[in-house]
Each structure stands twice: as structure tokens, then as C-alpha cells.
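>
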Amino acid sequence: MTGHQHGSTRPARGLGAGWFASVQRIGLAIVTASALIFLSCTASPAGADTVEALKERKSIILGVRADQPPFSQIKDGKPDGYAVALCQEIVKTLRETQNMPDLGITYVTVSADSRFDDLATGKIDLLCEGTSETIQRMQKFDFTLQIWVSGTGLMTRTDSDVANMRDLEGERIGVVGNTSTEAMLRATLHRLLITGDVVTFESHLSALKALEDKKIAAYFADRDTLVVLRAQSKEPDSLRVADESLSLEPFAFALRPNDDRLRVIANLALSRLYRSGKAQELFHVYFPNSEPSALLKALFILQAIPEI
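Converting from the sequence shown to the numbering used here requires adding 1220 to each position, the first position being numbered 1.
(1) Excluding five sequence neighbours on each side, which residues of the same chain lie with their C-beta closer than 8 Å to the C-beta of Leu1475?
(2) How about the region 1288-1304 and the region 1495-1512: do they share at least three Cβ pairs that are nearer than 8 Å?
(3) To the nearest angstrom, report how far apart Glu1511 and Asp1444 are at their CA atoms.
(4) Could you give the C-beta distance for Gly1416 and Glu1432, rounded to a whole number, given that I count them as a contact under 8 Å?
(5) Measuring alpha carbon to alpha carbon, tell me which residue in Ser1331, Leu1274, Pro1456 and Leu1314 is nearest Ile1294.
(6) Are there three or more Cβ pairs, one per stretch, closer than 8 Å when the region 1455-1474 is compared with the region 1372-1380?
(7) Run the CB neighbour count on Gln1523, radius 10 Å, all protein chains shown included, and call it buried at 16 or more, exposed below.
(8) When the Cβ atoms of the region 1313-1320 are set against those of the region 1284-1293, are three or more pairs found closer than 8 Å?
(9) Could you tell me how far apart the beta carbons of Phe1421 and Ala1430 are, in whole angstroms, since I believe they sit closer than 8 Å?
(10) For Leu1459, does the three-state DSSP call read helix, strand or coil?
(11) How should Val1273 be labelled, buried or exposed, when 16 other C-beta atoms within 10 angstroms of its C-beta is the threshold for buried?
(12) Rounding to the nearest angstrom, what Cα-Cα distance links Leu1412 and Glu1469 in this structure?
(13) Mind checking which residues open and close the alpha helix (DSSP H) that includes Gln1452?
(14) Going by beta-carbon coordinates alone, are Ser1292 and Gly1371 separated by less than 8 Å?
(15) Answer with buried or exposed for Ile1310, where buried requires no fewer than 16 other C-beta atoms within 10 angstroms of its C-beta.
(16) Which residues in the same chain have their Cβ closer than 6 Å to the Cβ of Glu1527, if we skip the five residues on either side of it in sequence?
(17) If you draw a straight line from the C-alpha of Lys1498 to the C-alpha of Pro1290, how long is it?
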């Protein structure tokens, strides 16, 4: 992909190598802690049992996004992306382990605004997108093993003087509304004492168009998503993604609380993908000409939970 190499360990612009190494150590600690928590926790009290319902319904409902490349998008009229591919592997494991060889998949498109309500009300069974796992969200929903670790970033126009967060004083900054990314943007601006006008959008594509049309000075989102959006834009050379990553964010699939059987089966599927190397193969499908970052490689190793 143009202008981005996942395997790079180059220090972020304006920051020393020591800071970057510290960020990597913190990220590894987060991933390690998640793995230990998974190993030590016992099952939650019985609650929603989606697996039993699937045997009657004969179809699992996956919530996907239309505009979150390369994780979840509608491409050529079909759901596609790294997160979607991982969810399809979870469905295969459901078919094999639960004696449901004919289990079908129904895809429902969700938005950043609706996704958690859709999950809570039973409109979908599993949220298959790049969902940030946060402590606040864990109070209301369960999560699978982590599927990704990355950071938020900034995309600007090449004809603009805005190159990083410090240049955003008095500028209009775009972000998808009602997301952890919006909360992080506002917190970062507050911490850096930057006064900017935060403009929220319903989707990545609408924000990208606003940036291209010079209605906003910058767009704040997951850095890997920004790289793909830039590559898919009409004029990639007119856009740039800042070198610095502004935060670390782990992604995982969300499901309803106490939906233990589905969660365990999903974790079984993901851990097998990590152990077998299939996850790395899928990575190369959706991130061509790139290599997993050091943090993502660590996630693949530490989330490969043993079965016995």
C-alpha cells in the first residue's frame, strides 16, 4: 500500500526512539495482560445462548460496516475485509464443533451509531468490524480475543500546512461520531491545549470527501484505515497520513454479555488461526505488500491460547 509499511519500527516524527520503544513495551504489556485475563477468568453466569438459537434459526447474523476498509466494508456488493474474513472462520468453527454443517450467514450493515444498539437488541449476533475494546464497553458487552492492535492517526491534504496535531489550532477536524476515536480526539486536543472545531461524520467515506473538498483540515481515525482510504481515494497523492501514531487501540469482536458458548467458540477459532499462521495469510490478503507490525506479531503469538 502506498506510503505505509506495517513492519516499520521507525520513530514517530518529532519523538525520540526511547518514546517509541516505550510505546511498544506498553502495547506488549496490554496484549499480555489480555491473554492472562482470558486464561484466569471462569465462565460468566448463564445468560444469552446464541448458539442454541442458531440451531433453530440455522443462520448467524453478522453485523458489518459498509465503510471501514480494510476491516469491514461492502465491496462489489458483498461484505469484505479482514474482520469479515475472521468472522467467516468463526462460522466455520461453529459448523464443525456444533454439528451445524448447514449454518448460513446473514449480513446486516451497521453504522458507528447503531452497532452496539443492534447487538444489544438482538438485531445481530456478532459485531464483525474493527471495534476498539475499552473498559467502558466491557461493562456492557463481552469481547472475543483481540484481533488487532494499532493506533489512531491523522490524514491531511498535501497542499495544507497541517502536518500533525500541533498544527490543528483553530482548524476543523473530522472524525466519525459516537466512537472511541471521537472521545480520544477530544481528550487529545484538551491535553495538548489545542482549540479546534471537531466535526463529526456518519462514515469514513463522508469524512474523506469533506477532506478532499477542503471542508475540514484533517481527519482523525484508525491509522491503518486512513492508509487504505488514501490508497482508494481519487487522488492519493493529494492526501498524506502523518507518521505519528497518536494512541494504541486493541480491536476485538463484540457480543452480548454472558453469551459464553459463542464467545468460547469464537476464541477457539481465533486461537487456531493464530497458531496455524492462517491469520497472517489473511493479513497479507487485506494488507498487500505489507508486513504485520511488531505489536501485531506479538498479538498473534500471545493470543494463540492452547486448547487443552
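Glycine is no exception: its CB is placed at the ideal position from the N, C-alpha and C atoms.
Once the coordinates are examined:
(1) By 1-based counting over the sequence shown, the position of residue 1475 is 255. For Leu1475, where only same-chain residues beyond five positions count, the Cβ hits under 8 Å are Thr1270, Leu1339, Asp1345, Leu1346, Leu1347, Phe1361, Asp1362, Phe1363, Thr1364, Leu1482, Arg1483 and Ala1486.
(2) Between the region 1288-1304 and the region 1495-1512 there are three or more C-beta pairs closer than 8 Å, enough to call the two in contact.
(3) Counting from one through the sequence shown, the residue named residue 1511 turns up at place 291. Counting from one through the sequence shown, the residue named residue 1444 turns up at place 224. Using only the alpha carbons, I get a separation of about 12 Å.
(4) Position 196 of the sequence shown, counted from the first residue, corresponds to residue 1416. Position 212 of the sequence shown, counted from the first residue, corresponds to residue 1432. Here Gly1416 is actually not in contact with Glu1432; their C-beta atoms are around 19 Å apart, not less than 8 Å.
(5) Taking the sequence shown and counting its residues from 1, one reaches residue 1294 at position 74. Of all alpha-carbon atoms in Ser1331, Leu1274, Pro1456 and Leu1314, the one lying nearest the alpha-carbon of Ile1294 is that of Ser1331.
(6) Verdict: yes, contact present.
(7) The sequence position of residue 1523 within the sequence shown is 303, counting from 1. Buried is the call here.
(8) Pairwise C-beta distances place the region 1313-1320 out of contact with the region 1284-1293, as fewer than three of them are shorter than 8 Å.
(9) In the sequence shown, counting from the first residue as 1, residue 1421 sits at position 201. In the sequence shown, counting from the first residue as 1, residue 1430 sits at position 210. Between Ala1430 and Phe1421 the Cβ distance is about 7 Å, and since that is below 8 Å, they are a contact.
(10) Position 239 of the sequence shown, counting from 1, holds the residue named residue 1459. Leu1459 falls in the strand class under three-state DSSP.
(11) Your numbering for residue 1273 matches position 53 in the sequence shown. Per the sequence presented here, residue 1273 reads as Ala, with Val not at that position. Ala1273 is exposed by the Cβ-count criterion.
(12) Position 192 of the sequence shown, counted from the start, is the residue given in the question as residue 1412. Position 249 of the sequence shown, counted from the start, is the residue given in the question as residue 1469. If you take the alpha carbons of Leu1412 and Glu1469, they lie about 20 Å apart.
(13) Stepping through the sequence shown from its first residue, residue 1452 is reached at position 232. Arg1443 to Gln1452 is the span of the alpha helix (DSSP H), which, as asked, contains Gln1452.
(14) Looking up residue 1292 in the sequence shown gives position 72. Looking up residue 1371 in the sequence shown gives position 151. Note that the C-beta distance between Ser1292 and Gly1371 is not below 8 Å.
(15) Stepping through the sequence shown from its first residue, residue 1310 is reached at position 90. Buried, by the Cβ-count rule.
(16) Position 307 of the sequence shown holds residue 1527. Cβ within range, chain order: n/a, list empty.
(17) By one-based count along the sequence shown, residue 1498 stands at place 278. By one-based count along the sequence shown, residue 1290 stands at place 70. About 17 Å.
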